[in-house]
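Just below is one structure, and these are the notes that go with it.
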Amino acid sequence: MSVDTNLIPDDAVGSEPSPRALVRAELPRWAQPAVFGGSLVVVGALLALAGAFSIGLFVFLAAVLFAVATYLLSRFVEGGRKATDRLVTIVVTTAFLIALAPLVSVVITVVGNGLARFDAEFFSSSMRGVVGEGGGGYHAIMGTLIITALAALMSIPVGLLTAIYLVEYGKGRLARAITFFVDVMTGIPSIVAGLFAFALFALFFGPGVRMGFAGAVALSVLMIPVVVRATEEMLKIVPNELREAAYALGTPKWRTITKVVIPTSIAGIASGITLAIARVIGETAPLLIIAGLTTALNFNPFDGRMATLPVFAYTSYAAPGVPREPYLDRAWAAALVLIIIVLVLNLVARLIARVFAPKTR
Amino acid sequence: MTKAITASDLNIYYGSFLAVEGVNMDILPKSVTALIGPSGCGKSTYLRSINRMHEVIPGARVEGVLELDGKNLYGPGVDPVGVRRQIGMVFQRPNPFPTMSIYDNVIAGQRLNNKKMRKDATDTLVEQSLRGANLWNEVKDRLDKPGSSLSGGQQQRLCIARAIAVQPDVLLMDEPCSALDPISTLAIEDLINELKTEYTIVIVTHNMQQAARVSDFTGFFNIEGTGKPGHLVEMDETKTIFSQPREKATEDYVSGRFG
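Residue numbers (our numbering), protein chains in the order written: chain R, 18 to 378; chain F, 30 to 288.
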């Protein structure tokens, strides 16, 4: 049964504030921090008394107590709606902190372990003839950059044009089929992409083929659907009015697309593409199969094995030499470099988005 | 420069749905023709069919004859892009290109079609078009600012400037003032009065006072009921339509008795 709140007399609801009152009781600003501190102290003391203090249990119980105590206090003083608001705020914030925890942990671990070999030598020398100390990841850095650049070079035109087809031209069965296969491709495990590239190139070059270009093909299999999806979404949000405005000026469709639709959405497309690059640059499995690993610098993606940062980090860690320490340090440094590259790409994406975004004043 | 438009037995479809049926209409050059009628009666559909914007919607098509100075706009081999260069359009909601400055918006027709123009020629064209749209004095000091920085009324006048910069013969306006305040509306109506010395103007409006104020001729569209096609009930000089229309339905509509 629904009740019109206006019909409820002012004194009908007991401790619940009257729905028609404009001024309501409110918790003082210090109340919530005080409850938070109180929860920490109480839980800490209880756990200490029980003699079972562990940091995980402490954080968990303190969070639960804090949420429950805040809810009850707020419900008593402020009423149900505010209490629910505070409870949901706590839950949402907690979820955010939980999501953030592994990220922070990864960054701290990688930076902490990676800084040991994050030096000039790491960026200037390969592993050629290096056993034990010294050496670096220069060959792997160059390999990663070359292979990813090639992958981007293949994926961006294909992905961009596919998205343009789907949004601007495609209708009927073909468009639906493409959309379906793009969705399927999005879910392809990366190892399958590597095996695909391996099988494909084995047809031409015989079994046991290893080359950087094949790695780029494998990566572009993973990258194309991401580019298509990102670009498609961006093209879709370009208002139809702009297309009609261009048509009404006597502009052909292809010029409308190249000069109105794409410029309007270029910020989103560019950042989507950058994120797609960031997504594939850390791929290990396909490159492990098809690009292989080498200790020497190889600038030619069409000839022989090519080292990449993820594979370099993996093999250094999984199969270190003797002594182990320098190998592990190099693995962490490679991971750190990879994270920095991805970070830079993300920053570039934001910068691109800001530079190209339509200005409003 | 201005041209007449003649529609004979024009049927307009969305897929298999007949949206507008049997329109016969003569639109004289250098005149303002207002199209009025209740929502969904096909005024805008008819307007959009005049510059072949109708077929931008998938499945939309037209039967019958629509002539611009005796040439069938839907004849074989007619390029819709060419039609739209001669018949400009202003939309209900102002839609300046967000990526372009005020200056570039005005010459968007040239820029988008890759016409090479000397800088002084474009400067002249921009000034001329903005003056034509009564906007020059308001924006002449900030031509490099984005078009979206203008107010709604100014944006709509910018769109009119953009439409007249390609020097069309006919200007179609689809409820150009429905998103604007009375002062901007007045500015646009004054502008329409000035523009009719050079262009043939067709305007769709829901505002009957506006139709009475700006137009020389008025066509009244109506629809029998939902799912039925819209049709042109009658068309005559605006004076006649608003004082002694031939049809009862028109009289009811303009006097506010229905619709």
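Think of the CB as a built atom: it goes at the ideal place given N, C-alpha and C, for glycine as much as any other residue.
Given the structure is predicted, the values throughout are model-derived calculations rather than measurements.
Phe-46 (chain F) - DSSP class collapsed to helix/strand/coil: Sequence index remark: in the second sequence, residue 46 (chain F) carries index 17 (1-based). Look at Phe-46 (chain F) here: in three-state DSSP terms it is strand.
Who are the Cβ neighbours of Met-144 (chain R) in its own chain at under 6 Å, not counting the five residues just before and after it? For the purposes of this step, residue 144 (chain R) is taken as the residue at position 127 of the first sequence. Around Met-144 (chain R): Gly-152, Thr-312.
Spatial neighbours of Arg-81 (chain F) within its chain, please: C-beta separation below 6 Å, excluding the five flanking residues on both sides. Indexing the second sequence from 1 puts residue 81 (chain F) at position 52. Pro-109, Val-112, listed in sequence order.
Where do the ends of the beta strand (DSSP E) carrying Gly-259 (chain F) lie? On the second sequence, position 230 is the one that residue 259 (chain F) refers to. Start and end: 259 to 266.
Can you pull the chain R residues whose beta carbon is under 8 Å from the beta carbon of Leu-141 (chain F), in chain order? Indexing the second sequence from 1 puts residue 141 (chain F) at position 112. Those within 8 Å of Leu-141 (chain F) in chain R are Ala-263, Leu-266, Thr-268, Arg-272, Thr-273, Lys-276, Val-277.
Tell me, which residues are paired with Lys-100 (chain F) by DSSP? In the second sequence, counting from the first residue as 1, residue 100 (chain F) sits at position 71. Within the DSSP secondary-structure output, Lys-100 (chain F) pairs in a beta bridge with F:Leu-97.
Would you tell me roughly how many angstroms separate the C-alpha atoms of Trp-271 (chain R) and Gly-154 (chain R), rounded to the nearest one? Along the first sequence, one-based indexing puts residue 271 (chain R) at 254. Along the first sequence, one-based indexing puts residue 154 (chain R) at 137. About 46 Å.
Cβ of Arg-275 (chain F) within 8 Å of any chain R Cβ: Walking along the second sequence from the start, residue 275 (chain F) turns up at place 246. Closer than 8 Å: no.
If we call anything under 8 Å between Cβ atoms a contact, is Val-262 (chain F) one with Asn-251 (chain F)? Here residue 262 (chain F) refers to the residue found at position 233 of the second sequence. Here residue 251 (chain F) refers to the residue found at position 222 of the second sequence. Taking C-beta atoms as the reference points, Val-262 (chain F) and Asn-251 (chain F) count as a pair closer than 8 Å.
Please classify Leu-362 (chain R): is it buried, with 16 or more other beta-carbons within 10 angstroms of its beta-carbon, or exposed? In the first sequence, counting from the first residue as 1, residue 362 (chain R) sits at position 345. When all chains shown are included, Leu-362 (chain R) counts as buried.
Straight-line Cα distance separating Gly-117 (chain F) from Leu-164 (chain F): The count along the second sequence starts at 1 and reaches residue 164 (chain F) at position 135. The count along the second sequence starts at 1 and reaches residue 117 (chain F) at position 88. So the two alpha carbons sit approximately 18 Å from each other.
Check for me: the alpha helix (DSSP H) holding Phe-249 (chain F) runs from which residue to which? If you number the second sequence from 1, residue 249 (chain F) lands on position 220. Phe-249 (chain F) -> not in any alpha helix (DSSP H); beta strand (DSSP E) instead, spanning 246 to 252.
Integer-rounded CB distance, given that Leu-239 (chain R) should sit under 8 Å from Ala-265 (chain R): Stepping through the first sequence from its first residue, residue 265 (chain R) is reached at position 248. Stepping through the first sequence from its first residue, residue 239 (chain R) is reached at position 222. About 41 Å separates the Cβ atoms of Ala-265 (chain R) and Leu-239 (chain R), ruling out a contact at the 8 Å cut-off.
DSSP state of Met-159 (chain R), grouped into three classes? As a working note, residue 159 (chain R) is residue 142 in the first sequence. Helix, per DSSP.
For Thr-128 (chain F), count the other beta carbons within 10 Å of its own beta carbon; 16 or more makes it buried, fewer makes it exposed. Which is it? Locating residue 128 (chain F) in the second sequence gives position 99, where the first residue counts as 1. Note on Thr-128 (chain F): 16 or more other CB atoms within 10 angstroms of its CB, so buried under the neighbour-count rule.
Ignoring anything shorter than 4 residues or poking outside the stretch 208 to 258 of chain R, list the alpha helix (DSSP H) runs there in chain order. Qualifying alpha helix (DSSP H) stretches, in chain order: 229 to 253.
Any C-beta of chain R under 8 Å from that of Met-146 (chain F): One-based indexing of the second sequence puts residue 146 (chain F) at position 117. By this cut-off, Met-146 (chain F) is not an interface position.
Using the C-alpha atoms, what's the distance from Leu-326 (chain R) back to Ile-158 (chain R)? Translated into the one-based positions of the first sequence, residue 158 (chain R) becomes position 141. Translated into the one-based positions of the first sequence, residue 326 (chain R) becomes position 309. Straight-line Cα distance between these residues: approximately 6 Å.
Where the alpha helix (DSSP H) through Val-112 (chain F) begins and ends: Position 83 of the second sequence, counting from 1, holds the residue named residue 112 (chain F). Segment 109 to 115, the alpha helix (DSSP H) holding Val-112 (chain F).
What are the complete alpha helix (DSSP H) segments, minimum 4 residues, inside the stretch 143 to 231 of chain F? With a minimum length of 4 residues, the continuous alpha helix (DSSP H) runs that stay inside the stretch 143 to 231 of chain F are 148 to 161, 165 to 168, 181 to 194, 211 to 224.
Assumed close pair Asn-134 (chain F), Arg-191 (chain F) - CB separation to whole angstroms, cut-off 8 Å: The sequence position of residue 134 (chain F) within the second sequence is 105, counting from 1. The sequence position of residue 191 (chain F) within the second sequence is 162, counting from 1. With a Cβ gap of about 6 Å, Asn-134 (chain F) and Arg-191 (chain F) count as contacting.
Secondary structure of Val-52 (chain F), DSSP reduced to three states: For the purposes of this step, residue 52 (chain F) is taken as the residue at position 23 of the second sequence. Secondary structure at Val-52 (chain F): strand, using DSSP grouped into helix, strand and coil.
Short Cβ contact (8 Å threshold) for Arg-41 (chain R) with Gly-96 (chain R): In the first sequence, counting from the first residue as 1, residue 41 (chain R) sits at position 24. In the first sequence, counting from the first residue as 1, residue 96 (chain R) sits at position 79. Taking 8 Å as the cut-off, the beta carbon of Arg-41 (chain R) is found closer than this to the beta carbon of Gly-96 (chain R).
Could you round the C-beta distance between Met-54 (chain F) and Gly-176 (chain F) to whole angstroms and report it? I think they count as a contact, below 8 Å. As a working mapping, residue 54 (chain F) is identified with position 25 in the second sequence. As a working mapping, residue 176 (chain F) is identified with position 147 in the second sequence. By a beta-carbon distance limit of 8 Å, Met-54 (chain F) does not contact Gly-176 (chain F). Their separation comes to about 34 Å.
Whole angstroms are fine: how far does the CA of Pro-340 (chain R) sit from the CA of Gly-223 (chain R)? Along the first sequence, one-based indexing puts residue 223 (chain R) at 206. Along the first sequence, one-based indexing puts residue 340 (chain R) at 323. Here the alpha carbon of Gly-223 (chain R) sits roughly 37 Å from the alpha carbon of Pro-340 (chain R).
Between the CA atoms of Gly-131 (chain R) and Phe-385 (chain R) - distance to the nearest angstrom: No statement about residue 385 (chain R) is possible, as the shown extent of chain R runs from 18 to 378 and does not include it.
Selection of the stretch 172 to 193 of chain R by Cβ proximity to chain F, strictly under 7 Å: Under the 7 Å Cβ criterion, the stretch 172 to 193 of chain R contributes Lys-188.
In DSSP terms, what Glu-92 (chain F) is bridged to: In the second sequence, the residue the question calls residue 92 (chain F) occupies position 63. Bridge partners of Glu-92 (chain F): F:Asn-40.
Does the beta-carbon of Leu-39 (chain F) have 16 or more other beta-carbons within 10 angstroms, so that it is buried, or is it exposed? Working through the second sequence from its first residue, we reach residue 39 (chain F) at position 10. If you draw a 10 Å sphere on the C-beta of Leu-39 (chain F), you find 16 or more other C-beta atoms in it, and that means buried.
Could you check whether Cys-206 (chain F) and Pro-291 (chain F) sit closer than 8 Å to each other, using their CB atoms as the reference points? The structure shown does not extend to residue 291 (chain F), since chain F is modelled only from 30 to 288, so the question has no answer here.
Sequence-distant residues of the same chain with beta carbon closer than 6 Å to Gly-275 (chain F), five excluded per side: Mapped onto the second sequence, residue 275 (chain F) falls at position 246. In the sequence on display, residue 275 (chain F) carries Arg and not Gly. Excluding sequence neighbours, Arg-275 (chain F) sits near Glu-263.
Report the residues of the stretch 113 to 130 of chain F with a CB closer than 7 Å to any CB of chain R, ordered along the chain. Answer in chain order: Arg-113, Arg-114, Gly-117, Met-118, Phe-120, Arg-122, Asn-124, Phe-126, Pro-127, Thr-128.
Show which residues of chain R have a CB atom less than 9 Å away from the CB atom of Met-82 (chain F). Translated into positions along the second sequence, residue 82 (chain F) becomes position 53. Residues of chain R passing the Cβ test: Glu-261, Tyr-264, Ala-265.
Contact list for Thr-281 (chain R) against chain F, beta-carbon separation under 8 Å: Translated into positions along the first sequence, residue 281 (chain R) becomes position 264. Annotation: Cβ neighbours of Thr-281 (chain R) in chain F (cutoff 8 Å, chain order): Phe-126, Pro-127, Thr-128.
Met-118 (chain F) - partner residues in DSSP beta bridges: Within the second sequence, numbered from 1, the residue matching residue 118 (chain F) stands at position 89. Met-118 (chain F) is bridged by DSSP to F:Leu-201.
Check each candidate in F:Pro-123, F:Ser-213, F:Asp-203, F:Lys-225 and name the one with the smallest Cα separation from Ser-73 (chain F). To locate residue 73 (chain F), count along the second sequence from 1; it is residue 44. The shortest Cα separation from Ser-73 (chain F) among F:Pro-123, F:Ser-213, F:Asp-203, F:Lys-225 belongs to F:Asp-203.
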